[in-house]
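Asker: Heads up, the sequence shown is in the numbering used here, so the first residue is 29 and it goes up one at a time. Here a beta-carbon is modelled for each residue, glycine too, at the ideal position from N, C-alpha and C.
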Amino acid sequence: MIKPRLRLGAAAVIWMATVAVAQAGQPLPATPQLIEKGKQVFQLQCAPCHGAAGQGDGPAAYLLYPKPRNFVKAQYRLVSTWEQVPTDEDLFGVISRGMPGSAMPSWPGLSEEVRWGLVHYIKTLADHPLEYGAPTPPPADGGPGTGVIEVPPEPPYDEAAQQHAAELFTQGCAGCHGATGKGDGQTKQIDSDGFPTKPRDLSRGIYKGNPSPQDVYRRIVAGLPGTPMPMSDWAPGADAWALTHYVLAMSSPRQRQRNEMLKFGIEAARVKALPSHPDDGEWRLANPVNLHLMPLWWRDDRTEEVTVRALHDGKELAVLLEWHDETYDHTAIRTQDFRDAAAVQFALTPEPPFFGMGSLGQLVNIWMWKSERQADQVAFQDLETVYPNIGIDSYPNLLKSPLEQPMRHALTLESDPTFVTGWGAGNIVSDPTRKNAAEDLQAQGQGTLKAHPRFDQEVVAEGVYQSNSYHVVFRRTFKPKGKEGVVLKPGGMVPVGFALWNGSQGDRNGKKSVTIWQELKLAP
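Take a look at the structure:
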């Protein structure tokens, strides 16, 4: 009998790679030069959320939930010491891996040296020293020890240990996390900053910290400072290990892996003829890459992944996005309605700026597709599309001017743009004659988004919705007309990011799900 060969699945490989990134290398000691390097990167990449002084009040903070960490107060969630103070390794791990369940992304594109520089610079912002004692075990009569929490050898997790863990969970965890760990116990909770919070749904596998057994053990023992998750009353050792196994069994490794924000290379293969439709057969020549998405305003019920494919013919680039969406939201006329949308973001320099729409003086080029613009290609939607029997007050021109505009069915292709102000002013969003669902945009930080001039609108996009999924293709020539567009070339590489909006969940403007920067490589 031939024994089957054991193979590690992609999820296991990626999970191990993530752990390696978070724990890679030896700690670098603090030096003035390293701290200064960390400060420079902080101002470019971290200040938009955390604020220039690290008080959690950056210009993007209002878009984020949970709120960015206030480094001055220095109350950290992920700690591995009895004093509930993070070690340098704790901070390095959060910077490297990010915090799933929040808007804190991973930063695998930063070198280890830069990440250590950030660790040491962030510590200088605290209004009190981050100190903990030498390691000592807990006393025999209970209570915490000091220093780094030592993880004892892992005992067997047999049927008796599982039954004991279930009893411990019911006694100490179910009141908040619910009897089955779905976060449906005591749901009305407030964190130390006064913001509402809710217990983690353990069945989804969304762990803010590393989901390795040793890290979960430490969080069970040390709690999460600043949240209702307390330091454990149980003696560390067999009880904590039993709970660790019990909690991890509520989700699968695949579920936990889906929440990791990783950096991939997306290769645009060269073909003779580019596909123009999402369902064209040529897309089989493009390697699909699944990217994990992060809602800036976190919610567990979200689009988790977007599949990206890219092709080029030496003169033009085509990018295909595919993602699951249970609802087809293709109008945004009523105040309670929001559209579905997708965007591709390009950095204009090899070293990308802040992934959230760039930063002052560092432009990004954004190609955006909107579902209602796609629906307009069939029939332009206006107020009367949603409210066909709407009442209108008409004030006729008694002078019988030839410029009088009829009020009923005013916005038609025969309308005079003079009387439709957005259209008349040249706003591409208001133009009912525009035969393209794409917009070519630029930004240099939050609140700076603007469209390229009409004559520079070269991006073309087409999307279809079928079987609860979107398929959207973007196309544009390598060399744009305007100077604000990304310049592409065969054999080149450009940083690229992606964003999705789910209208039925209230996404609009900065409320969206995003990826971190990826590398788009164009085949020679």
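Is Asp-243 helix, strand or coil by DSSP?
Answerer: Here residue 243 corresponds to residue number 215 of the sequence shown, with the count starting at 1. Helix, per DSSP.
Asker: Looking at the structure shown, is Thr-109 part of a helix, part of a strand, or coil, going by DSSP?
Answerer: Residue numbering aside, residue 109 sits at position 81 when the sequence shown is read from its first letter. Of the three classes helix, strand and coil, the one that applies to Thr-109 here is strand, per DSSP.
Asker: Hey, how far is the Cα of Leu-153 from the Cα of Ser-108?
Answerer: As a first step, residue 153 must be located in the sequence shown, where it is residue number 125. As a first step, residue 108 must be located in the sequence shown, where it is residue number 80. Their backbone Cα atoms lie some 21 Å apart in a straight line.
Asker: Since Lys-67 is in the alpha helix (DSSP H), which residue starts that stretch and which ends it?
Answerer: The residue given as residue 67 occupies position 39 in the sequence shown. Its alpha helix (DSSP H) spans residues 60-69.
Asker: Among the residues of its own chain, which have a CB less than 8 Å from the CB of Arg-362, if the five just before and after it don't count?
Answerer: Residue 362 sits at position 334 when you count from the first residue of the sequence shown. Here the set comprises Val-414.
Asker: Among Ile-394, Thr-543, Ala-375 and Gly-389, which one has its Cα closest to the Cα of Thr-335?
Answerer: Here residue 335 corresponds to residue number 307 of the sequence shown, with the count starting at 1. The candidate whose alpha carbon is nearest that of Thr-335 is Thr-543.
Asker: Given Gly-475, which residues of its chain have a CB within under 8 Å of its CB, disregarding the five upstream and five downstream residues?
Answerer: Sequence index remark: in the sequence shown, residue 475 carries index 447 (1-based). Counting only Cβ-Cβ distances below 8 Å, and skipping sequence neighbours, we find Pro-87.
Asker: State the Cα-Cα distance for the pair Asp-328 and Leu-391, rounded to the nearest angstrom.
Answerer: Indexing the sequence shown from 1 puts residue 328 at position 300. Indexing the sequence shown from 1 puts residue 391 at position 363. Spanning the two alpha carbons is a distance of roughly 32 Å.
Asker: As a quick exercise: from Pro-133, Val-69 and Leu-469, pick the residue whose alpha carbon is nearest that of Met-289.
Answerer: Position 261 of the sequence shown, counted from the start, is the residue given in the question as residue 289. The shortest Cα separation from Met-289 among Pro-133, Val-69 and Leu-469 belongs to Pro-133.
Asker: Would you call His-480 buried or exposed, if buried means 16 or more other Cβ atoms sit within 10 Å of its Cβ?
Answerer: Position 452 of the sequence shown, counted from the start, is the residue given in the question as residue 480. Label assigned to His-480: buried.
Asker: Who pairs with Arg-298 in a beta bridge, going by DSSP?
Answerer: Taking the sequence shown and counting its residues from 1, one reaches residue 298 at position 270. According to DSSP, which records beta bridges pairwise, Arg-298 is partnered with His-340.
Asker: Looking at the secondary structure, which residues open and close the beta strand (DSSP E) in which Phe-526 lies?
Answerer: For the purposes of this step, residue 526 is identified with residue 498 of the sequence shown, where counting begins at 1. Its beta strand (DSSP E) spans residues 521-529.
Asker: On a CA-only basis, which of Gly-200, Lys-95, Tyr-245 and Arg-232 is nearest Pro-183? Give me that one, please.
Answerer: As a first step, residue 183 is located in the sequence shown; it is residue number 155 there, counting from the start. Comparing Cα-Cα distances from Pro-183 to each of Gly-200, Lys-95, Tyr-245 and Arg-232, the minimum goes to Tyr-245.
Asker: In angstroms, rounded to a whole number, what distance separates the CA positions of Trp-529 and Asp-535?
Answerer: On the sequence shown, residue 529 is found 501 positions in, with the first residue counted as 1. On the sequence shown, residue 535 is found 507 positions in, with the first residue counted as 1. Whole-angstrom Cα-Cα distance: 5 Å.
Asker: Between which two residues does the alpha helix (DSSP H) harbouring Lys-210 extend?
Answerer: Counting from 1 along the sequence shown, the entry for residue 210 is found at position 182. Premise fails: Lys-210 is in no alpha helix (DSSP H) and is neither H nor E.
Asker: Under 7 Å Cβ to Cβ from Val-299, same chain only, skipping five residues before and after it: list those, please.
Answerer: Translated into the one-based positions of the sequence shown, residue 299 becomes position 271. Taken in chain order, the residues that qualify are Glu-310, Leu-313, Leu-339 and Asp-341.
Asker: Counting only the same chain and skipping the five closest in sequence on each side, list residues whose C-beta sits under 7 Å from that of Ala-193.
Answerer: Here residue 193 refers to the residue found at position 165 when the sequence shown is read from its first residue. For Ala-193, where only same-chain residues beyond five positions count, the Cβ hits under 7 Å are Ala-270, Leu-271, His-273 and Tyr-274.
Asker: In angstroms with no decimal places, state the Cα-to-Cα distance between Ala-277 and Asn-238.
Answerer: The residue labelled residue 277 in the question sits at position 249 within the sequence shown. The residue labelled residue 238 in the question sits at position 210 within the sequence shown. Between Ala-277 and Asn-238, the C-alpha separation is close to 15 Å.
Asker: If I follow the unbroken beta strand (DSSP E) through Ala-466, where does it start and stop?
Answerer: Working through the sequence shown from its first residue, we reach residue 466 at position 438. Its beta strand (DSSP E) spans residues 466-471.
Asker: Compute the distance between the beta-carbons of Thr-225 and Pro-128, then report whether it is under 9 Å.
Answerer: Sequence index remark: in the sequence shown, residue 225 carries index 197 (1-based). Sequence index remark: in the sequence shown, residue 128 carries index 100 (1-based). No. Outside cutoff.
Asker: What three-state label does DSSP hand His-273 in the structure shown?
Answerer: Within the sequence shown, residue 273 is the residue found at index 245, counting from 1. Correct three-state label for His-273: helix.
Asker: For Trp-397, does the three-state DSSP call read helix, strand or coil?
Answerer: Working through the sequence shown from its first residue, we reach residue 397 at position 369. Trp-397 falls in the strand class under three-state DSSP.
Asker: Between which residues of its own chain and Lys-539 is the CB-CB distance below 6 Å, once the five residues before and five after are set aside?
Answerer: Here residue 539 refers to the residue found at position 511 when the sequence shown is read from its first residue. Here the set comprises Trp-325.
Asker: Counting only the same chain and skipping the five closest in sequence on each side, list residues whose C-beta sits under 6 Å from that of Gly-450.
Answerer: To locate residue 450, count along the sequence shown from 1; it is residue 422. Only Ser-458 meet the Cβ criterion.
Asker: What are the residues that DSSP puts in a beta bridge with His-192?
Answerer: The count along the sequence shown starts at 1 and reaches residue 192 at position 164. According to DSSP, His-192 bridges with nothing at all.
Asker: With the cut-off set at 9 Å, would you say Val-492 and Asn-464 are in Cβ contact?
Answerer: For the purposes of this step, residue 492 is taken as residue 464 along the sequence shown, with counting starting at 1. For the purposes of this step, residue 464 is taken as residue 436 along the sequence shown, with counting starting at 1. Cβ atoms of Val-492 and Asn-464: not closer than 9 Å.
Asker: Can you list, in chain order, the residues of its chain whose CB lies under 7 Å from that of Ala-50, leaving out five sequence neighbours each side?
Answerer: In the sequence shown, counting from the first residue as 1, residue 50 sits at position 22. Note on Ala-50: pLDDT 46, under 50, position unreliable in the model; no value is reported.
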